[in-house]
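*Asks:*
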Amino acid sequence: MERMEALTNYYTTHNEDARLTAKRGMVEFLTTIHYVEKYLKPGMRILEIGAGTGRYSHYFAQNGYEVDAVELMECNIEVFKAHTENGENITVQQGDAVNLQNIDSDQYDITLLLGPMYHLYTDKDKLAAMSEAIRVTKKGGIVFASYCNNDITVYHFGFLRGGFNNKEYHDLIDFETFKLSSTPKEVFALYRQEDVNELMSHFNMKRLHYVGTDMLTRFMGSTVDEMDEKTYEMYMKYHFCICERKDMVGATAHMLDIFRKE
653 MERMEALTNY YTTHNEDARL TAKRGMVEFL TTIHYVEKYL KPGMRILEIG AGTGRYSHYF
713 AQNGYEVDAV ELMECNIEVF KAHTENGENI TVQQGDAVNL QNIDSDQYDI TLLLGPMYHL
773 YTDKDKLAAM SEAIRVTKKG GIVFASYCNN DITVYHFGFL RGGFNNKEYH DLIDFETFKL
833 SSTPKEVFAL YRQEDVNELM SHFNMKRLHY VGTDMLTRFM GSTVDEMDEK TYEMYMKYHF
893 CICERKDMVG ATAHMLDIFR KE
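As structure tokens, then:
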């Protein structure tokens, strides 16, 4: 199964917009916003690569920033456009993270790469996407790159859902190290921090933060959704206490690597 076929099948049958609006999904959203806003200043230009339905792009546009977005899937672009409000200084174009040929170099203060690394399956494509994100970012600009965590998937898919008992997946599992591989059929590419570090060793960047954006929220599930506002506020306070702790950051479904272009 090719990448475009797999992603079309997935995104035409899953409500990506709703994923970040439930309380459990808002943990990832609010955490990402929190870290982006540490570096945002008035007048900065933002590029979101792999913008999905535009949840982040619209948030920043509605807060007065100039935002350009690139999205691979036409079904997501349709939703993105439908959500655009009057007064937003925002554009969206169809494009692939591995080749941003329509975007000049050194254009953006903030570059968001919050989805594409989930859906790239070869080292060549991963390097290409990261190289393009860095290329279009100004020197001194900040890049935010998200990844799906290998080891939470071991717990969730391998043990909780019984995936390790399914021989269909055995060729993708190293049963000595529990490193998982992916093809387009599995949709999501998985990483450990060592994989992210190896990828970033090819680039002249300075890491600023390495964050667990949702920590164990995936396992809390409906418990988080059902929290009253006071409890949810306390949950988020605790989350921000631990999401960069080196002894905790691996206990997350999604990681956010934040770095400056040198």
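Counting in my numbering, the sequence shown tops out at residue 914, every number present. Where is the CB? At the ideal position from N, CA and C, for every residue including glycine.
1) With distance defined between alpha-carbon atoms, name the residue in Thr660, Asp909, Thr743 and Glu730 nearest to Met857.
2) The beta strand (DSSP E) with Ala721 in it runs from where to where?
3) Using a Cβ distance threshold of 8 Å, determine whether the region 692–700 contacts the region 727–739, with at least three qualifying pairs required.
4) Would you kindly report the start and end of the unbroken alpha helix (DSSP H) that includes Thr869?
5) When you compare each of Val901, Arg707, Asp775 and Lys790 to Arg629 by their alpha carbons, which one comes out closest?
6) Is the region 754–761 touching the region 820–836, taking contact as three or more C-beta pairs under 8 Å?
7) Give, in chain order, every unbroken run of the beta strand (DSSP E) that is at least 3 residues long and sits entirely within the region 677–746.
8) When DSSP labels each residue in this structure, what does Gly815 get in the three-state scheme?
9) Residue range of the beta strand (DSSP E) that Asp909 falls in?
10) Going by the CB atoms, is the gap between Thr763 and Ala785 shorter than 8 Å?
11) Tell me the DSSP bridge mates of Asn754?
12) Strictly by DSSP, which residues pair up with Ala797?
13) Using only the alpha-carbon positions, how far apart do Thr660 and Glu726 sit?
14) Does the count of Cβ pairs from the region 772–784 and the region 810–819 closer than 8 Å reach three?
15) Below 8 Å CB to CB, which residues in the same chain sit around Glu740 once its five sequence neighbours on both sides are set aside?
16) Report the residue from Met900, Glu700, Tyr717 and Leu851 whose alpha carbon sits nearest the alpha carbon of Asp866.
17) Would the beta-carbon of Ser798 fall within 8 Å of that of Leu832?
18) For Tyr843, I'd like the list of residues in its chain whose CB is within less than 8 Å of its CB, leaving aside the five on either flank, ordered along the chain.
19) What is the rounded straight-line gap between the Cα of Ala674 and the Cα of Asp877?
20) Return yes when the Cβ of Val744 is within less than 8 Å of the Cβ of Ala721, no when it is not.
21) Pull up the distance between the alpha-carbon of Phe796 and that of Ala749, whole angstroms please.
22) Could you tell me which uninterrupted alpha helix (DSSP H) segments, each at least 4 residues in length, are contained entirely in the region 821–896, listed from first to last along the chain?
23) Label Ala670 either buried or exposed according to how many other C-beta atoms from any shown protein chain fall within 10 Å of its C-beta, with 16 as the threshold for buried.
24) Taking Met656 as part of the alpha helix (DSSP H), name the residues at either end of that continuous run.
25) Find the nearest neighbour of Gly864 within the set Phe855, Met888, Asp880 and Leu851, judged by alpha-carbon distance.
26) Taking the continuous alpha helix (DSSP H) assigned at Thr673, which residues delimit it?
27) By the three-class DSSP mapping on this structure, what secondary structure does Lys776 have?
*Replies:* With the given structure in hand:
1) The residue with the shortest Cα to Cα distance from Met857 is Asp909.
2) Under the DSSP assignment, Ala721 falls in the beta strand (DSSP E) whose first and last residues are Glu718 to Glu723.
3) Between the region 692–700 and the region 727–739 there are fewer than three C-beta pairs closer than 8 Å, too few to call the two in contact.
4) Annotation: the continuous alpha helix (DSSP H) that includes Thr869 extends over Thr869 to Met872.
5) There is no way to answer for residue 629, as the model of the chain reaches only from 653 to 914.
6) Cβ pair count under 8 Å is below three, so no.
7) Listed in chain order, they are 697–701, 718–723 and 742–746.
8) Judged by DSSP in its simplified three-state form, Gly815 adopts helix.
9) Looking at the DSSP string, the run of the beta strand (DSSP E) that includes Asp909 is His906 to Lys913.
10) Judged by beta-carbon spacing, Thr763 lies within the 8 Å limit of Ala785, meaning their Cβ atoms are closer than that value.
11) Paired residues: none, contrary to the question.
12) Looking at the DSSP assignment, Ala797 forms a beta bridge with Leu765 and Asp909.
13) Straight-line Cα distance between these residues: approximately 9 Å.
14) With contact defined as three or more Cβ pairs closer than 8 Å, the region 772–784 and the region 810–819 are not in contact.
15) Within the same chain, Glu740 has close Cβ partners His710, Ala713, Gln714 and Val719.
16) Closest option to Asp866, Cα to Cα, is Met900.
17) No, the pair does not count as a contact, with Cβ atoms beyond the cut-off.
18) If we look at Tyr843 and ignore the five residues flanking it on each side, its Cβ neighbours are Met769, Tyr799, Cys800, Asn801, Asn802 and Met907.
19) Put simply, the backbone Cα of Ala674 is about 7 Å away from that of Asp877.
20) Contact flag set, yes.
21) Their backbone Cα atoms lie some 14 Å apart in a straight line.
22) Correct list: 845–852, 869–872, 874–877 and 881–894.
23) Label assigned to Ala670: exposed.
24) That run of the alpha helix (DSSP H) goes Arg655 to Tyr663.
25) For Gly864, the closest of Phe855, Met888, Asp880 and Leu851 by C-alpha to C-alpha distance is Met888.
26) According to the DSSP assignment, Thr673 belongs to no alpha helix (DSSP H), since it is labelled neither H nor E.
27) It is helical.
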